[in-house]
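J.: After the structure tokens below, expect a handful of questions from me.
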Amino acid sequence: MSIQTYKDLSLILGPPAGKFFDNIVLASEQTGISRCEIYVDMLFENFDKAEEKGLFNQIFSAVIREDLTIGEIFRTKQTFRKARPDIEKLVTTPDESVSVPVLMFFPSQFQTFPGDPIKNVVTADHLRWVGSILGRSYKLDWVESIAVHDSQVA
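The numbering of the sequence shown is the working numbering, which starts it at 4 and goes up by one.
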């Protein structure tokens, strides 16, 4: 039985800044593919490489202060019918919907390296720290965190 109080933890990843954003704009102009679609693809591609190196396990281990493996990361995107001011720079054409990447983690899957459940309870503060690390590392404008408590799930 899991001691975890959150069923899932999500990070909604705002648009990038600097050279990363410049590369997205250039790729969009060259291909005709929307900025948000290129952004989601590029970021998830970067995360594939990071995941191969165990980066997410390392970040969560450092934040939670326990050597662990986090299990499966579910990747999706959040789509807005109309761009909010904080994601307008991902708009390629007027009136298009805009999507940003989302990562979901499931604390009940977090295990020690021998495969036992972790001893520490994962909190929303831990998630905010992970979001902060990813946001600074990838130079994102913002990162929102959502923690769904076990009792919130129908």
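Here a beta-carbon is modelled for each residue, glycine too, at the ideal position from N, C-alpha and C.
Quick check on DSSP: helix, strand or coil for TYR162?
T.: As shown, the chain starts at 4 and ends at 157. That puts residue 162 outside it, with no answer to give.
J.: Can you tell which of TRP132, LEU29 and LEU14 has its C-alpha closest to the C-alpha of GLY21?
T.: Counting from one through the sequence shown, the residue named residue 21 turns up at place 18. That would be LEU29, whose Cα lies nearest to the Cα of GLY21.
J.: What residues in its chain sit with their C-beta under 6 Å from that of LEU12, if we drop five residues either side in the sequence?
T.: On the sequence shown, residue 12 is found 9 positions in, with the first residue counted as 1. PHE108, LEU130 and ALA150.
J.: Where DSSP assigns a beta bridge to GLU147, which residues make up the other side?
T.: Residue 147 sits at position 144 when you count from the first residue of the sequence shown. Beta-bridge pairing links GLU147 to ILE15.
J.: Return the Cβ separation of PHE116 and ASP70 in integer angstroms, given the expectation that the two are a contact with Cβ distance under 8 Å.
T.: By 1-based counting over the sequence shown, the position of residue 116 is 113. By 1-based counting over the sequence shown, the position of residue 70 is 67. About 6 Å; that satisfies the 8 Å criterion.
J.: In its own chain, which residues sit with a C-beta less than 6 Å from the C-beta of PRO104, not counting the 5 before and 5 after it?
T.: For this step, residue 104 is matched to residue 101 along the sequence shown. Excluding residues within five positions, the ones whose Cβ falls inside 6 Å are LEU16, VAL43, LEU46 and LYS80.
J.: Would the beta-carbon of LEU93 fall within 8 Å of that of ARG38?
T.: Position 90 of the sequence shown, counted from the start, is the residue given in the question as residue 93. Position 35 of the sequence shown, counted from the start, is the residue given in the question as residue 38. Yes; because the gap between Cβ atoms is below 8 Å, this pair is in contact.
J.: I'd like to confirm the pairing. Which residues does DSSP put opposite VAL101 in its beta bridges?
T.: Working through the sequence shown from its first residue, we reach residue 101 at position 98. Answer by DSSP bridge pairing, in chain order: PHE83.
J.: Using the beta-carbon count (16 or more within 10 Å), is GLN33 buried or exposed?
T.: Counting from 1 along the sequence shown, the entry for residue 33 is found at position 30. Label assigned to GLN33: exposed.
J.: Name the DSSP bridge partner or partners of THR72?
T.: Mapped onto the sequence shown, residue 72 falls at position 69. Note: THR72 sits in a beta bridge opposite GLN114.
J.: Output the distance between the C-alpha atoms of VAL101 and TRP145, rounded to the nearest integer angstrom.
T.: Locating residue 101 in the sequence shown gives position 98, where the first residue counts as 1. Locating residue 145 in the sequence shown gives position 142, where the first residue counts as 1. Distance between the alpha carbons of VAL101 and TRP145: 16 Å.
J.: So, at 7 Å on beta carbons, what are the nonlocal neighbours of VAL124 in its own chain, with the 5 sequence-adjacent residues on each side left out?
T.: Position 121 of the sequence shown, counting from 1, holds the residue named residue 124. For VAL124, where only same-chain residues beyond five positions count, the Cβ hits under 7 Å are ILE6, GLN7 and THR8.
J.: By DSSP, does LYS2 sit in helix, in strand, or in coil?
T.: Only positions 4 to 157 of the chain appear in this structure, which leaves residue 2 out of reach.
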